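In what follows, a single structure is set out as structure tokens and then discussed.
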Amino acid sequence: MARSDFYKPHPHAINLLGNGLTPPSSGIDQRIPQSILPIERITMHFNDFIQHIRNNPSDSLHRISSEWGQGRAIFGGVMGAVMYTAMRRDIPVDRCILSFMVSFISPLAADTDFIVDTQTLRAGKNSIQIEGRIIQNGQTVATALALFGTLRESSIDVSARPAPHVPTPESLPALPYIPNVVPEFTRKMDYRWAFGHLPFSGTTAREMGGWVRLQNETIGRDITDVDAHLIALIDAWPPATLPLINRPAPASTMTWHISFIQPSPTTGAPTDTDWLLYRADIDHAASGYGQIRAHIWNQTGELLALSSQTVAVFD
1 MARSDFYKPH PHAINLLGNG LTPPSSGIDQ RIPQSILPIE RITMHFNDFI QHIRNNPSDS
61 LHRISSEWGQ GRAIFGGVMG AVMYTAMRRD IPVDRCILSF MVSFISPLAA DTDFIVDTQT
121 LRAGKNSIQI EGRIIQNGQT VATALALFGT LRESSIDVSA RPAPHVPTPE SLPALPYIPN
181 VVPEFTRKMD YRWAFGHLPF SGTTAREMGG WVRLQNETIG RDITDVDAHL IALIDAWPPA
241 TLPLINRPAP ASTMTWHISF IQPSPTTGAP TDTDWLLYRA DIDHAASGYG QIRAHIWNQT
301 GELLALSSQT VAVFD
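The sequence shown begins at 1 in UniProt numbering and counts up one residue at a time.
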């Protein structure tokens, strides 16, 4: 999560994707046509804004509903997925994502225009390195660096470690959505806790995680949709440092790195109904900061990605 502080969403928050609607506030870019605002909430699905980013030019305006928010910001998994989608747009399909690094600089405000700027830093024979930025109100709020590569034969072939043995997601209780206690975007997720303890439980355990999937979503079969889906779900979990404290406190992911396992597992990419298993371990935490690494497997136990984060906790 880019931020895990808590908030009460605005009662008239809506999603806007250049559909001619304008929220009841000023400062909207004039390139978006204005019309009368219906006083009802429109559900924004994950695939809606991914498709909007992918199908529009790089200088297009975008905005994301507060229903994907946490505190005063859009949650970091969505920010990462948005930048990845814009960066992937001009990459040949035979180049696989290998590495994705994000720096969260400031909150991305919900229901407010932003653009995603990309720049290819180098396009070589075997790899492409590209930079992405989310810009809102003239300020860069997040940056990303991605590495795409062509797979080739090699004498090195080391299999990934399998997933640990855990109960099936169906046998574990679902975590409820608690308004004004957990971030708004978590109502979009289906969580089944399997490792460690819940946030603010005052434990001393280093591990945390379990099963997660999107709720009521249909993920496209395009590689961009699949990878963006994975990025969002990896960051859906709170920082593993939060269970160590015994009272609610804000926390932020400051930097985040994902290494993608390539080639993709033989059983195929995750679909909208598949569960992902996430297990995070704290390598070190002190003086308000923590270093966390995580493994992400598919439902058949094959490793999909490795994640590492530097997080801040304001306790």
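Virtual Cβ for every residue (Gly too), placed ideally from N, Cα, C.
Being a predicted model, the structure only gives us computed values, none of them experimental.
CB contact flag (residue i, residue j, <9 Å)
i           : j           : result
residue 214 : residue 232 : yes
residue 61  : residue 100 : no
residue 206 : residue 295 : no
residue 136 : residue 118 : no
residue 58  : residue 81  : no
residue 247 : residue 314 : no
residue 316 : residue 235 : Residue numbering for the chain in the displayed model covers 1 to 315; residue 316 lies beyond these limits and cannot be assessed.
residue 163 : residue 301 : yes
residue 97  : residue 262 : yes
residue 204 : residue 175 : no
residue 49  : residue 185 : no
Cβ neighbour criterion (16 or more within 10 Å) applied to residue i
i           : result
residue 93  : exposed
residue 125 : exposed
residue 46  : buried
residue 182 : buried
residue 307 : buried
Where residue i falls: helix, strand or coil (DSSP)
i           : result
residue 144 : strand
residue 85  : helix
residue 97  : strand
residue 307 : strand
residue 231 : helix
residue 190 : strand
residue 212 : strand
residue 32  : The pLDDT assigned to residue 32 is 30, lower than 50, so where the model puts this residue is not dependable, and the model offers no usable value.
residue 275 : coil
residue 44  : coil
residue 256 : strand
residue 116 : strand
residue 77  : helix
Cα-Cα separation, residue i to residue j
i           : j           : result
residue 122 : residue 258 : 20 Å
residue 104 : residue 193 : 26 Å
residue 286 : residue 72  : 26 Å
residue 172 : residue 211 : 9 Å
residue 70  : residue 309 : 18 Å
residue 65  : residue 156 : 45 Å
residue 276 : residue 138 : 36 Å
residue 15  : residue 216 : Annotation note: pLDDT 31 at residue 15 (below 50); position unreliable, coordinate value reported separately. Between residue 15 and residue 216, the C-alpha separation is close to 17 Å.
residue 311 : residue 152 : 35 Å
residue 241 : residue 279 : 13 Å
residue 116 : residue 132 : 7 Å
residue 177 : residue 51  : 27 Å
residue 90  : residue 67  : 29 Å
Whole-Å CB distance - residue i paired with residue j, under 8 Å assumed
i           : j           : result
residue 120 : residue 128 : 7 Å
residue 304 : residue 198 : Incorrect: roughly 24 Å between the Cβ atoms, too far for contact.
residue 146 : residue 79  : Residue 146 to residue 79, Cβ: 14 Å. No contact.
residue 290 : residue 239 : 7 Å
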